[in-house]
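Numbering (my numbering), first residue to last: 7 to 178.
One structure below.
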């Protein structure tokens, strides 16, 4: 707050204050400070992404989507921003649209298991259990020490009532 009080013409202290407010649950103050940061630096991805995250958590999915789209446009080489856009599209049950952003996130950050897990979930929810399981098998194989990858594969097997396939994943 001191940095903002000393000089409110810089985006970064406003951004940092907005993020700090968000962490304490002060949503209104977080949104206000992030809007002010965006006014000063409209072409930067981080303030749009942070605002999108808060709006998504608040249930304003359409506004969150708009902010995540701005973050992706500002930083098209960021897998994290593509992931966030995919997540809000998933929350809106727009699985097909989400898939393309998860695929982009995977392309940009191939070692981040979160991207392939999110893609598999979107594929599954879009109606293709077989394709989702194939992706989860590849992910679990590529990341044998990832408990979350093993768990997601086992959970998907269980959802498909393939309990004998699921059991080993729950035992690891």
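We treat Cβ as the ideally placed atom computed from N, Cα and C, and that holds for glycine.
Report buried or exposed for residue i, applying the criterion of at least 16 other Cβ atoms within 10 angstroms of its Cβ.
i, result
"residue 19", "buried"
"residue 55", "buried"
"residue 41", "exposed"
"residue 53", "buried"
"residue 30", "exposed"
"residue 108", "buried"
Should residue i be listed as close to the ligand FMN, given that the test is whether its C-beta is under 7 Å from any heavy atom?
i, result
"residue 145", "Annotation note on the ligand FMN: not contained in the displayed structure, which lists no ligands."
Tell me the rounded alpha-carbon separation between residue i and residue j.
i, j, result
"residue 148", "residue 105", "20 Å"
"residue 80", "residue 89", "14 Å"
"residue 176", "residue 46", "49 Å"
"residue 138", "residue 121", "13 Å"
"residue 87", "residue 66", "18 Å"
"residue 57", "residue 160", "34 Å"
"residue 117", "residue 33", "33 Å"
"residue 60", "residue 43", "15 Å"
"residue 152", "residue 15", "44 Å"
"residue 50", "residue 82", "11 Å"
Do residue j and residue i count as a contact pair if the criterion is CB distance below 8 Å?
i, j, result
"residue 124", "residue 141", "no"
"residue 132", "residue 92", "no"
"residue 77", "residue 94", "no"
"residue 115", "residue 85", "yes"
"residue 156", "residue 172", "no"
For residue i, which of helix, strand or coil comes out of DSSP?
i, result
"residue 149", "coil"
"residue 161", "helix"
"residue 184", "Outside the shown range of the chain, which is 7 to 178, sits residue 184, and nothing can be said about it."
"residue 18", "helix"
"residue 83", "coil"
"residue 8", "The pLDDT assigned to residue 8 is 48, lower than 50, so where the model puts this residue is not dependable, and the model offers no usable value."
"residue 4", "Residue 4 is absent from the structure shown; the chain starts at 7 and stops at 178."
"residue 116", "coil"
"residue 2", "With the chain covering only 7 through 178, there is no way to say anything about residue 2."
"residue 166", "coil"
"residue 183", "Residue coverage of the chain in this structure runs from 7 to 178, which leaves residue 183 outside it and unanswerable."
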